[in-house]
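With this note's numbering, letter number 326 in the sequence shown gets 343, and the count goes up by one each step, no holes. Just so you know, even glycine gets a beta-carbon here, dropped at the ideal spot from N, CA and C. Quick notes on the structure that follows.
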Amino acid sequence: MHIGSHSLTERVFVIAEIGANHEGCLDEAKRLIEAAARCGADAVKFQTYRADKIVAASETQRRAHFRRLELADEAFETLAHVAMEYGVMFLSTPFDVESVDLLDPLMPAFKIASGDLTAAPLVAHIAAKGKPILLSTGMADMEEIFDAVEVIERASPCGTGAPLVLLHCVSSYPTPDASANLNAIPYLRDRTGRSVGYSDHTLGIEACLAAVALGARVIEKHFTSDKTRTTFRDHQLSADPADLAHLVKGIRRVETMLGEAGKALREVETQNRVSMRRSLAARTAIHKGEVITPAMLTILRPGTGLPPSKMHEVIGLRAMKDLVPGELLTLDALTEMESCAT
């Protein structure tokens, strides 16, 4: 599966989730794009909404909160161009159908927030665009997840082949370590047959690295210029530039370490295999013509003599020459009793 030109099979897709950490300031949003690009992120992601289309009129304080974080419609086209200049993909999560239509020409994929997993009309409108979808699954059980997947498949022009990544997510800010439940990542993959990723709200970068080891092909981490910039909650659980750079470097290293499924001798082990494996050896002095008994034998490095697995075959043979303590046994130093007798 591809997100734009990025192959999820070839490399983990790292999203710097700027979200609303710009706090309504377009210049800060631009600076965050540049910083994320310098840290090696594959994409930057924002949030696109209008306060009166996301929160009920009775929720006056929450509306005021969201209104303070809004960016003008034209700002997103500007940010998309800035992202292109810095070589990172532009993404933004739409929270209403008008925002979906606004963002559609600007993005190669859509992200659906955990809170909207059950918002079927919005999910269907996004799916109808036919683009890859990153679906966060915070607060959802498997029944709700399967229902959302069904909505997407019905609405998408690709049907059951709709390009979809399910992001494991725990909607707690920050998420306690004991609640991260990273084993849900391979579980989601195995239950649904879909590509999986991880949208992180824990403190630090360790959960993201573990998620990659568990099979996540997309990693989304909140990103800020300064965790103490303001009292806005998201800054505290975000990666700053130093964190994000370490995260990207760590992910690329983990990817290299994972290798392929299966267990076989690696080329780098070949020399050590000989030097570190053991051989049958004389525990005591063994004189020519003596019959080999278990008490005469030990096992020593390197593995250039008879392997320990041959001990039962060696016992009862006769020594063809004198063997000193610690000397490795070889076939030409032993003979069967019958041969020796003749």
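DSSP three-state assignment for residue i, whether helix, strand or coil
i: D349; result: helix
i: R376; result: Only positions 18 to 359 of the chain appear in this structure, which leaves residue 376 out of reach.
i: D217; result: strand
i: M159; result: helix
i: G21; result: coil
i: E34; result: strand
i: E237; result: strand
i: V389; result: Coverage of the chain is limited to positions 18 through 359, which leaves residue 389 absent and any answer about it impossible.
i: P138; result: helix
i: T1; result: Only positions 18 to 359 of the chain appear in the structure, and residue 1 is not among them; the question remains open.
i: S8; result: Outside the shown range of the chain, which is 18 to 359, sits residue 8, and nothing can be said about it.
i: I129; result: strand
i: L282; result: coil
i: S153; result: strand
i: R171; result: helix
i: L314; result: strand
i: I202; result: helix
i: V308; result: strand
Between the CA atoms of residue j and residue i - distance to the nearest angstrom
i: A54; j: R246; result: 20 Å
i: V229; j: P324; result: 39 Å
i: S116; j: A201; result: 31 Å
i: A378; j: D260; result: Missing from the structure shown is residue 378; the chain here goes from 18 to 359 and no further.
i: S326; j: T287; result: 20 Å
i: S242; j: R318; result: 55 Å
i: L264; j: T273; result: 14 Å
i: V331; j: G343; result: 16 Å
i: D158; j: S188; result: 13 Å
i: A262; j: A52; result: 10 Å
i: A141; j: A179; result: 12 Å
i: T347; j: R283; result: 27 Å
Assumed close pair residue i, residue j - CB separation to whole angstroms, cut-off 8 Å
i: L297; j: I316; result: 6 Å
i: R234; j: L25; result: 4 Å
i: S131; j: S153; result: 4 Å
i: L88; j: G41; result: 7 Å
i: R80; j: A68; result: 5 Å
i: P111; j: A126; result: In fact, because the Cβ distance is near 12 Å, the residues do not count as touching under 8 Å.
i: L183; j: L199; result: The pair is not a contact, with the Cβ atoms about 14 Å apart (cut-off 8 Å).
i: V105; j: I50; result: 7 Å
i: A144; j: I162; result: A144 to I162, Cβ: 15 Å. No contact.
i: F107; j: V61; result: 6 Å
Beta-ladder partner(s) of residue i, from DSSP
i: C56; result: None; C56 has no bridge partner.
i: Q64; result: T110
i: V271; result: In the DSSP output, where bridge partners are listed per residue, V271 has none listed.
i: L183; result: L152, V213
- Query: On the three-pair Cβ rule with 8 Å, is the region 263-273 touching the region 294-306?
  - Reply: No: fewer than three Cβ pairs fall under 8 Å.
- Query: Just checking, does the region 72-82 make contact with the region 103-123 on the three C-beta pairs under 8 Å criterion?
  - Reply: Too few Cβ pairs lie closer than 8 Å, so no.
- Query: Is the number of C-beta pairs between the region 215-225 and the region 236-252 that are closer than 8 Å three or more?
  - Reply: They touch, by the three-pair rule.
- Message: Taking contact to mean 3 or more Cβ pairs, one atom from each stretch, closer than 8 Å, check whether the region 241-261 and the region 43-60 are in contact.
- Response: Between the region 241-261 and the region 43-60, the count of C-beta pairs closer than 8 Å reaches three or more; the two stretches touch.
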